[in-house]
Amino acid sequence: MTVAFLPDQAFVVPGEVATQFPQALAEWKKRLAFDSVRVQPSHISVRGNVVELSGGPIRYSELRALKQCLRNLHNEAPATFANLPAGFVSSAGLVVAVVSAEGLVLAALRGNKVAVHANRWTLGLGEGLEAIDFQAGTLDRAVLRALSEELHISEADMPAASVKILGLVRNLETLDITVVAVADMQGAGQAFAAAEIVRRAAAADDAWEHARLVFIPPERASLDRTVASSGFSEVPGMHVVFKMLVGYLSAS
């Protein structure tokens, strides 16, 4: 199987990411043209052994199909996978880790109706990135969108200084990129204590995306107990995000 990426609109990496992680970007540029990271494709067609993708925002069902194609290609035809077009990125996403006023971190069990990673644990909030988010040169807009839609926390609630980019994660099988950010509520007062955030989240537009929201101490044992006691597994890369978050909290 081969994968062809058809021409589409491009956008650039936000300046704040490029500035903070020059070494990571330099490494990735060996395989990916980061000056023209592609928007998510909106259409997938399979003709013989060729998967063709065209531009625009992708539907979740198509994104799942694309990523499964890439997994199969990675596992069954590694030489072909290694020769994918330079600049190929299946999707670009954002994870917003959330720290409560008491210094606890948000773990979320995704609902059974979400299209991606249903009934799995994740840290924080997941948000798709759009071309306009990158063109703005900052990820503040995307972070605030995630907080509003999933926790009912508005821009007025969140001072810009409490949002930081922690790192970048790339899935080597599905070629998606995730930017990891943190929304740190420490010092924001009791209105953003863990119990209050969970209460607010019940009124959020996308509250249905989560079956459960819990705040836990930033300790690996606490995270493992939470996941194990539920009977559900975690999303791929969750522990990488957790390590980034613990590193940030330790340095704060």
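Note that our numbering has the sequence shown beginning at 140, numbered continuously upward. For each residue, glycine too, the CB sits at the ideal point set by N, CA and C. Keep in mind that this is a model prediction, so the values were computed, not measured.
What do you reckon, are the CB atoms on residue i and residue j nearer than 8 Å?
i, j, result
"residue 289", "residue 343", "yes"
"residue 254", "residue 203", "yes"
"residue 259", "residue 272", "no"
"residue 249", "residue 348", "yes"
"residue 262", "residue 384", "yes"
"residue 350", "residue 251", "yes"
"residue 119", "residue 278", "This structure cannot speak to residue 119, because the chain is shown only from 140 to 391."
"residue 310", "residue 386", "no"
What does the alpha-carbon distance come out to for the pair residue i and residue j?
i, j, result
"residue 362", "residue 315", "25 Å"
"residue 345", "residue 219", "39 Å"
"residue 237", "residue 370", "23 Å"
"residue 293", "residue 286", "7 Å"
"residue 241", "residue 305", "20 Å"
"residue 324", "residue 239", "5 Å"
"residue 378", "residue 205", "24 Å"
"residue 409", "residue 380", "As shown, the chain starts at 140 and ends at 391. That puts residue 409 outside it, with no answer to give."
"residue 374", "residue 233", "14 Å"
"residue 327", "residue 388", "16 Å"
"residue 212", "residue 296", "45 Å"
"residue 106", "residue 264", "Outside the modelled stretch of the chain, which goes from 140 to 391, sits residue 106, for which no answer is possible."
"residue 221", "residue 231", "20 Å"
"residue 257", "residue 391", "33 Å"
"residue 223", "residue 318", "22 Å"
"residue 364", "residue 335", "23 Å"
"residue 359", "residue 161", "29 Å"
"residue 158", "residue 214", "34 Å"
"residue 174", "residue 382", "Because residue 174 carries a pLDDT of 41, less than 50, the predicted location of this residue cannot be relied on, and no value is offered for it."
Could you give the C-beta distance for residue i and residue j, rounded to a whole number, given that I count them as a contact under 8 Å?
i, j, result
"residue 235", "residue 308", "Not quite, the Cβ-Cβ distance comes to about 13 Å (not below 8 Å), so this is no contact."
"residue 302", "residue 322", "6 Å"
"residue 291", "residue 340", "6 Å"
"residue 372", "residue 313", "In fact, because the Cβ distance is near 17 Å, the residues do not count as touching under 8 Å."
Can you confirm whether the stretch 350-360 touches the stretch 245-264 when touching is taken to mean that 3 or more C-beta pairs between the two stretches lie within less than 8 Å?
yes
Segments assigned beta strand (DSSP E), at least 3 residues, entirely inside the stretch 215-239
230-238
Entirely enclosed beta strand (DSSP E) segments - the stretch 297-376, minimum 3 residues
302-309, 315-323, 349-355
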